[in-house]
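Numbering (this note's numbering), first residue to last: 295 to 655. Accompanying notes for the structure given below.
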Amino acid sequence: MTAGTGTASASATQERTDTSSAPTGTPLLSVRNLSVHFPLKRGFIVQREVARVRAVEGISFDIYPGETLGLVGESGSGKTTAAKAVIQLRKPDSGSIMFDGQELLGMSNSELRPIRRKMGMVFQDPYGSLNPRMRAGDIVGEPLKVHGLAESGDDYRTQVSALLTTVGLSPGMAERYPNEFSGGQRQRLGVARAIAAKPSLLVLDEAVSALDVSIQAQILNLLQDLQDQYNLAYLFIAHDLSVVRHISDRVAVMYLGRIVETADSKDLYENPLHPYTQALLSAIPTPNPRLEQSRTRIILQGDLPSPMAPPSGCHFHTRCPIATEACSLTDPDLRQLAPNQAAACLLATGYDAAPSPVSRV
Ligand SMILES: Nc1ncnc2c1ncn2[C@@H]1O[C@H](COP(=O)(O)OP(=O)(O)OP(=O)(O)O)[C@@H](O)[C@H]1O
Ligand code: SF4
Ligand SMILES: [Mg+2]
């Protein structure tokens, strides 16, 4: 492995080793050609569209029951927008989202209500996402009330106590307010709320990014335990590849609204094929001083271009260290380059299988 050998945060967590083969069976979530645009409008009387933020542009991915897909990319690459579209907090412009055998696009709010129960979300800022005026027990119990999942008052209190215990908090903490918890405990509360309605998919948007390294490891361990216990599927979003590595079975790398590489976690970290992934991985320090000394860091020039006016051809060509003239003319498709790995790069070559074109999956 040349880079991305992990950090203290990840070393305290149990590394996944069962990532070498593609999952079989039916995906729990199947996203195809998903696009989300934000039109920018101007005008006093008649509002006209003057520009369009192409936040997510034709992305496709699957998540299987009990599996974790890591979604990484720098700030502004479209991770949160994609996640919000998946759980229907934001209407996509086009594409398909199949969840548990049902197409979500085009569903009415009443049709979506029972499906929303099966999808939980945990946000980056546990304090901001928890109502400061609600007691912990009420926060955790809210989904039980919303979805009518408690048969009686006693049943409700029993379920709330069990949820608090499941995430490593004590039932006695139900009476406390969010400001009486530490950052890690608040995130446990957020997780308890997210699993209250017994979902099959959790979207975790930078759920551990704001936490100290040791607390990060505790929450990651908790998430892995919950996944094993309840066969939960995770869409795990982070900008830190070292965090994503230790929880993900597969990883998708986003750049400017698109997925530019997708692979089994182990393959991605050992053999990144896309120059953007290689640059992201090269930025991760390794705890081994000898490897750290020989680590070559790829510094990307400039900032992420505006998604309102993405570069021509390969969107990464303005920052790619190996770009050629052809890169500004041709928009590369995501190509299968190894058994469990695909990259959208004209120059990338595989290491075990002959490349064959695939649509953006
Ligand atoms: N409501 C909105 N209106 C207009 N543009 C938006 C809106 N929400 C997001 N964007 C733009 O869409 C792009 C993708 O944003 P998004 O929040 O999905 O990125 P992200 O990958 O989650 O970034 P971060 O790592 O900072 O959370 C950005 O250019 C952002 O400015
Ligand atoms: S297609 Fe060209 S610019 Fe794009 S990633 Fe590959 S080498 Fe770089
Ligand atoms: Mg985000």
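We put the CB at the ideal spot given by N, CA and C, even for glycine.
Asked	Found
Taking three-plus beta-carbon pairs below 8 angstroms as touching, is the stretch 454-470 in contact with the stretch 491-501?	no
Assign G551 to one of two classes, buried (16 or more other C-beta atoms within 10 Å of its C-beta) or exposed (fewer than that).	buried
Compute the minimum distance between the beta carbon of A349 and the heavy atoms of ligand 1, and state whether it is under 7 angstroms.	yes
Assuming N636 contacts R629 under a Cβ cut-off of 8 angstroms, what Cβ separation, rounded to an integer in Å, is found between them?	For clarity, residue 636 is Ala in the given sequence; the question names Asn instead. That pair is a contact at about 6 angstroms.
Which runs of the alpha helix (DSSP H) at least 4 residues long sit entirely within the stretch 392-443? Give them in chain order.	403-410 and 430-440
Taking contact to mean at least 3 C-beta pairs separated by less than 8 angstroms, is the stretch 448-457 in contact with the stretch 515-523?	no
What three-state label does DSSP hand M602 in the structure shown?	coil
In the structure shown, what three-state DSSP assignment does N515 receive?	helix
Please state whether DSSP places N327 in a helix, a strand or coil.	strand
Does ligand 1 have a heavy atom nearer than 7 angstroms to the CB of G477?	no
If you measure from the CB of S369, is any heavy atom of ligand 1 nearer than 7 angstroms?	yes
Do A546 and L365 have their C-beta atoms closer together than 8 angstroms?	yes
Measure from the alpha carbon of A486 to the alpha carbon of each residue in T362, L520 and V325, then state which is nearest.	L520
Give me the Cβ distance between A491 and G431, rounded to the nearest whole Å; I'm assuming they're in contact under 8 angstroms.	Between G431 and A491 the Cβ distance is about 16 angstroms, and since that is not below 8 angstroms, they are no contact.
Which residues count as close to ligand 2 when the rule is a CB under 7 angstroms from any of its heavy atoms, in chain order?	H568, P569, Y570, C608, F610, H611, C614, I616, A617, T618, C621, P626, C639, L640, L641 and A642
Whose C-alpha, out of P581, Y645, A638 and T556, is nearest the C-alpha of I357?	T556
CB I353 to CB I553, shorter than 8 angstroms?	yes
If I'm right that R591 touches S576 with Cβ under 8 angstroms, what's the distance once you round it to whole angstroms?	5 angstroms
When every heavy atom of ligand 1 is checked, does at least one fall within less than 7 angstroms of the C-beta of P601?	yes
Tell me the residue span of the beta strand (DSSP E) that contains R480.	No beta strand (DSSP E) holds R480; the alpha helix (DSSP H) holding it covers G477 to I489.
Measuring from each Cβ to the nearest heavy atom of ligand 3, keep the ones under 7 angstroms and list them in chain order.	K373, T374, D499, E500 and I531
Grab the span of the beta strand (DSSP E) containing R552 for me, first residue to last.	R552 to D558
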